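K.L.:
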Amino acid sequence: MDHGHNHGGSWAGTPTFAEQKGNYPFVAKNLDLVKGWLDGDFKTKRVFFEHYWGLSEARDNLDPRRNLLIQVIRKWETQGARVDHILICREYDLAIQRGHKDAKPGPFKEDTRILYEKDYDDIRAMFKRAHKQNLIKHRNYKLIQMVQEPSFFARDKRFLPIMRKCDGIAYECHQFNRHWPLETGWGKPEKVIQGAKWTLAQGKEYVFYYGPIRWKGEVYYEFMERDWLQKFWKAGLPKHHPRMHYFLNTFPHADGRGRPVGPETNPHSVLGFTKWLIQEITMPLKNAKGP
């Protein structure tokens with residue numbers, strides 16, 4: 000595989016999960032969802048993936064046999080996976096920068112990632128047609144709206160009709176770019192917490208999509224990947240709520256490249272961090288230290 004031109008810099012020579020086979024028994028047993036990868040030691044067959052709507056008319060063709068989203072679902076299901084969550088958005092800002100000249104934004108200038116109501120209606124109807132044609136296993140799937148702005152959707156009543164169409168919200172929290180540093184960056188804890196609590200109060204699911212994370216660069220300090228989460232929890236981000244999900248996005252990015260993937264006994268590795276997070280989230284509520 001050519002890793003020379005991946006987002007966030009070359010992945011050439013970076014550590015891989017394949018090299019850690021047999022080195023993460025706890026994570027393999029206890030991880031409940033993976034991002035579209037069934038080749039490791041993981042016991043789960045539940046997957047999630049991201050999907051961008053609105054990049055071109057060809058991608059969004061509502062004929063189930065020609066639609067890319069249906070093709071992706073079908074690909075995973077034919078491999079024995081169960082598609083649990085689809086994180087979906089109109090990735091307009093980045094798409095335009097990367098040459099998708101036909102990309103279209105959503106209805107709100109405050110957050111162009113948000114889909115139109117009609118988008119959700121069209122996709123749900125397409126799921127039903129695809130299921131009837133035996134292309135996919137289910138008549139419906141969880142569509143989680145990925146957002147850009149951490150609390151706009153919770154503050155603006157114009158979003159309510161769209162909230163009724165989706166199954167929840169996903170917010171990406173990076174340790175890079177405008178998200179850095181945490182205290183003054185794009186996703187300040189108080190704004191993220193406002194959005195998360197509002198989402199849960201609507202009876203919907205909330206995904207805190209964390210990463211990519213830093214490694215040994217100029218601003219690195221030990222266990223900074225844990226520290227950010229602990230600061231969010233201390234500020235009030237729900238930790239054990241049954242509809243609150245923590246997804247990790249640990250692909251190699253900028254100075255985050257080079258962090259060892261494993262073994263899980265190395266607390267600084269990706270798998271070591273994953274083990275720590277699983278233990279934090281699944282500890283008995285009576286022993287929980289976070290909110």
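Residue numbers for the sequence shown follow numbering that gives the first Met the number 0, so the first one is 0 and each next one is one higher. For every residue, glycine included, the Cβ atom is placed at its ideal position computed from N, Cα and C. In this text the structure is predicted, and so the values were computed from the model without any measurement.
(1) Could you name the residues that DSSP lists as bridge partners for Cys-165?
(2) What does the Cβ neighbour count give for Lys-285, buried or exposed, with the cut at 16 atoms within 10 Å?
(3) Who are the Cβ neighbours of Leu-67 in its own chain at under 7 Å, not counting the five residues just before and after it?
(4) Which residue wins for smallest C-alpha separation from Leu-199, given the options Glu-224, Lys-164 and Arg-242?
(5) In whole angstroms, give me the CA-to-CA distance for Ile-113 and His-84.
(6) Using a threshold of 7 Å, is the CB atom of Pro-251 nearer than that to any non-hydrogen atom of the ligand GTP?
(7) Which partner residues does Val-46 have in the DSSP bridge list?
(8) Please identify the residue among Lys-20, Leu-54 and Ala-253 whose C-alpha is closest to the C-alpha of Asp-40.
(9) What is the DSSP secondary structure of Val-206, counted as helix, strand or coil?
(10) Which whole-angstrom value describes the C-beta separation of Glu-263 and Val-46, a residue pair presumed to lie in contact below a C-beta threshold of 8 Å?
(11) Whose C-alpha, out of Thr-273, Asp-62 and Ala-169, is nearest the C-alpha of His-130?
(12) Considering only residues of the same chain and omitting the five flanking positions on each side of Asp-110, which have a CB-CB separation below 8 Å?
(13) Would you mind sorting Met-0 into buried or exposed? The rule is 16 or more other CB atoms within 10 Å of its CB.
(14) What's the call for Lys-100, buried or exposed, on a 16-neighbour Cβ count within 10 Å?
(15) Run through DSSP, which three-state label would Leu-142 get?
(16) Per DSSP, what are the beta-bridge partners of His-244 in this structure?
P.N.:
Taking the geometry as given:
(1) DSSP lists no bridge partner for Cys-165.
(2) Here Lys-285 scores only 43 on pLDDT, less than 50, and its place in the model is too uncertain to base an answer on.
(3) Answer for Leu-67: Arg-58, listed in chain order.
(4) Answer by Cα proximity: Arg-242.
(5) Using only the alpha carbons, I get a separation of about 17 Å.
(6) This structure does not include the ligand GTP; it has no bound ligands of any sort.
(7) Paired residue(s): Val-33 and Val-82.
(8) The residue from Lys-20, Leu-54 and Ala-253 with its alpha-carbon nearest to that of Asp-40 is Lys-20.
(9) It is a strand residue.
(10) With 8 Å as the limit, Glu-263 and Val-46 do not qualify as a contact, their Cβ atoms being about 21 Å apart.
(11) For the residues Thr-273, Asp-62 and Ala-169, the minimum Cα distance to His-130 belongs to Asp-62.
(12) Val-146, Gln-147, Glu-148, Phe-151 and Phe-152, listed in sequence order.
(13) At Met-0, the pLDDT of 36 sits below 50, so the modelled position is not reliable and the matter cannot be decided from this model.
(14) It counts as exposed.
(15) Three-state result, Leu-142: strand.
(16) Note: His-244 is bridge-paired with Val-206 in the DSSP secondary-structure output.
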